[in-house]
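Taken in order, these protein sequences are the chains called A and B. If you count by the numbering used here, then the first sequence holds residues 3 to 184, one letter each, in order. If you count by the numbering used here, then the second sequence holds residues 807 to 1269, one letter each, in order. Just so it is clear, CB atoms sit at the ideal spot from N, CA and C, and this is done for glycine as well. For reference, the structure is listed below as structure tokens.
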Amino acid sequence: MSEVAVAGLSAGMLLRLELDDFYALEVDLLDSRCFEEWLELLTDDVEYRVPIARNVHSSNVSTEFFTERLDVSWMDEGKETLTHRVEQMRTGMHWAEEPISRTCHIVTNLRVVATGSEDGCDTVTARTRFLVYRNRLRSEEDFMVGKRQDDLVRSDGAWRIRRRTVYLDQTVLLSNNLTTFL
Amino acid sequence: MNSEIRDLVDVQNGTASREIFVDEDLYQQEQEQIFGRGWLFLGHESQVPNPNDYYVSRMGEEQVILTRDKQGQIHALLNTCTHRGMKLCRYDEGNTSLFTCPYHAWSFATDGDLVSTPGELFGVPGYRARYHEALDKKKWGLVQVPRLENYRGTIWASWDVGAPDLEDYLGGMRAWLDFALDHRDGRENGAVVLAGVQKWRVKCNWKFAPTNFIGDVAHVVSHRSVDMVGIGPSGKGRRDTKTDGASVFGWPDLGHGGAGWVAAPEEDYEQPRSFAKYPVVSQYFEEARAKRRELRRGEQHFQGKGTIFPNMSFHEEQPRTIIVAHPNGPRETEFWRYYLVDADAPDEVKDTLRRYFMSYSGPAGLTEQDDLENWSAATEASSGRVARKHPYNYQQGLGYSEPYPGVPGCVWARQLFSEQNQLIWLKRWAEFMEGRDWDQLMHRVEVPGDVPFPMMSDSEASA
């Protein structure tokens, strides 16, 4: 990229390129089962939540997802449990992932919702769409599609995920189990 | 048909035909004989706390709307418009006193001020001009589930008017259910269901779940990976365990059973300190248990996890949860999992429990994920022309069951590793499927040629 081209990019465009790169790296790590490296993309105090959706009247659309603090989710956890999940997959006896699933994450429609800084670190709130294909055994197939909202923080020049909320577009989960990070 | 059903479950020899788990015709008969007659779990009263609250649940394959009327009474109504069958309520939960059908706008009221019976037809467009007031509104109300009981906050229903009272149906298993539903400090009820029911579909026959949760302790080998990782609230294994006095207990005449602990006087019942990683929660349980020992002094402490026939199972503490296996065809099940906490526990306690429960159970639970894999793979591998001719084996501990002293109708194996409870469940399944009447099902009359549950003979027991 020439100096002129870089100079022509706004700060916002550069940020988008950086985040595009970050998400490409993330899904590459997940789909190639480099889960330990993926964990390093999360801050130690990460909050990872996949709330449950329900069918509600259109006048109550804000209540479509169970997001109150004490509501049950598909997953709502920090780094310790996420790390347990990775360790479990490495035991070779986690039958829901043994033999391994083939996954392909498509992450797209990046939108930077907010930027800021905290303790001298840049922060970003970013929304994306995801389509995750999971193929298992001979003919088991799962499609999981939805929206994500991430709070990212940049320290030491690298972005990390501090909070991720995954809005999966299913009220009844149409998969045997949920062993894939979204 | 009776002899055919009886041939499918060989109680004496501890085997059962795979057809039970894959056959379409048997599945259709189950809808009538089991889901049309047994007591089924619909939900918890805390899900409909206010007048006009509703929650859409299921009985077998069909949806029912659980509603609370202005007088506080809970009702269950079949979720289909009586006019032309449209699904009346298409939201999962909400608050309304009037359900209006989207198709032709027939409306049904659940409020006793508007109609005399909840679910009655309230209005149809053009009642005067088009129907000439000839439509008998009382006759075209929603189909009401005839039997409904609130048991310590849990709502149960049966389509069979002649079904016995729920307490008789539960029998001695009640004591275990009570422990799951009561406050940890010993007060009756006191639990609520956390908002958010996990619902998901698995390509397995529905019976794998109740026969697993009824006390299939041998299957814990499939949970080795989670035990190694150590999600338990004290940092080890998958839960804190009390190791002494554990066994499977079952009710051969009722079809219920579970894995639990030998009963002991409440004031002497000790459990190891739990939730060591979370001091506030650990202390909460210690104080609650101390209160329970005092409040229940002189009573017997029963505790365990298990299955209420046919399709409701519960874990009483770690995790504290209810799962219902709704049938979606012979080879698909829709699971609904509910999580329970003490209603007045501090938020920090509820939050820690909630997180632990989710890490254990549900489709993303580190323990449950592997169960689901077992059940779907077993269903698939049992469906073939050759495979389905070979029976399943339930012979572990066969003939080593003994009456459990002090609890009428209860048998135990004196250890956790026995398949007596799966066999008890299958025996009950066959009794329902034979079309026995309630006198026979409740063993008020004898059934000619009935096979008794295989027990250890008196001489063996004393040896």
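- Counting only runs of 4 or more residues that sit fully inside the region 1217-1259 of chain B, the alpha helix (DSSP H) segments are 1226-1239 and 1244-1247, in chain order.
- Distance from residue 1174 of chain B to residue 1182 of chain B at the Cβ level is roughly 12 Å; contact not present, criterion being Cβ atoms closer than 8 Å.
- Counting only the Cα atoms, residue 1244 of chain B lies some 7 Å from residue 968 of chain B.
- Nearest to residue 961 of chain B by C-alpha distance, out of B:874, B:1224, B:829 and B:1013, is B:874.
- The shortest CA-to-CA distance from residue 178 of chain A to any of A:106, A:27 and A:136 is the one to A:136.
- If you check the CB distance, residue 41 of chain A and residue 84 of chain A come in under 8 Å.
- DSSP places residue 39 of chain A in the uninterrupted alpha helix (DSSP H) bounded by 37-41.
- Excluding residues up to 5 positions away in sequence, 850, 851, 852, 987, 995 and 997 lie with their Cβ nearer than 7 Å to the Cβ of residue 959 of chain B in the same chain.
- Remark: C-beta atoms of residue 1155 of chain B and residue 1090 of chain B approach each other more closely than 8 Å.
- Minimum Cα-Cα distance from residue 1191 of chain B among the listed residues B:829, B:1092 and B:1081 corresponds to B:829.
- Judged by DSSP secondary structure, residue 53 of chain A falls within the beta strand (DSSP E) whose first and last residues are 44-53.
- Between residue 172 of chain A and residue 55 of chain A a beta carbon distance of about 7 Å is seen, short of the 8 Å cut, so the two are scored as contacting.
- Taking 8 Å as the cut-off, the Cβ atoms of residue 1238 of chain B and residue 817 of chain B do not count as close.
- Secondary structure of residue 70 of chain A (DSSP, three-state): coil.
- Under a criterion of Cβ atoms nearer than 7 Å, the residues of chain B adjacent to residue 57 of chain A are, in order, 896, 897 and 898.
- Going by DSSP, residue 965 of chain B is part of no alpha helix (DSSP H) at all; its letter is neither H nor E.
- Interface with chain A (8 Å Cβ-Cβ cutoff): residue 1182 of chain B is included.
- At the C-beta level, residue 168 of chain A and residue 52 of chain A come within 8 Å of one another.
- Considered as a whole, the region 1085-1173 of chain B harbours 1106-1114, 1118-1122, 1126-1133 and 1139-1148 as its complete beta strand (DSSP E) runs of no fewer than 3 residues, in chain order.
- Not a single C-beta of chain B is nearer than 8 Å to the C-beta of residue 170 of chain A.
- With a contact defined as Cβ atoms closer than 8 Å, residue 899 of chain B and residue 915 of chain B miss out at about 18 Å.
- Inclusion of residue 862 of chain B and residue 880 of chain B in the CB contact set at 8 Å is not warranted, their separation being larger than that value.
- Here residue 1067 of chain B carries a strand assignment [DSSP, helix/strand/coil].
- According to the DSSP assignment, residue 1031 of chain B belongs to the alpha helix (DSSP H) that extends over 1030-1035.
- Contacts with chain A at 8 Å (Cβ-Cβ) include residue 1140 of chain B.
- Exclusion of the five residues before and after residue 1041 of chain B leaves 1083 as the residues of its chain whose Cβ lies within less than 6 Å of its Cβ.
- Non-local C-beta neighbours of residue 963 of chain B in its own chain, meaning closer than 8 Å and more than five positions away in sequence, comprise 845, 846, 848, 865, 870, 882, 951, 953, 954 and 955, ordered along the chain.
- The C-alpha of residue 159 of chain A lies about 18 Å from the C-alpha of residue 48 of chain A.
- Burial of residue 1015 of chain B is indicated by the presence of at least 16 other C-beta atoms within 10 angstroms of its C-beta.
- Here residue 1038 of chain B is buried: its Cβ has 16 or more other Cβ atoms, across all protein chains shown, within 10 Å.
- With a threshold of 16 other beta carbon atoms within 10 Å, residue 1199 of chain B falls short and is exposed.
- Secondary structure of residue 994 of chain B (DSSP, three-state): coil.
- CA-to-CA, the gap between residue 1262 of chain B and residue 1219 of chain B works out to about 10 Å.
- Contacts with chain B (Cβ-Cβ distance below 7 Å) from the region 77-94 of chain A involve 77, 78, 79, 83, 86, 87, 89, 90 and 93, listed in chain order.
- The alpha carbon of residue 126 of chain A has as its nearest neighbour, out of A:64, A:155, A:149 and A:112, the alpha carbon of A:155.
- Using a 10 angstroms sphere on the CB of residue 1169 of chain B, the tally of other CB atoms reaches 16 or more, which defines it as buried.
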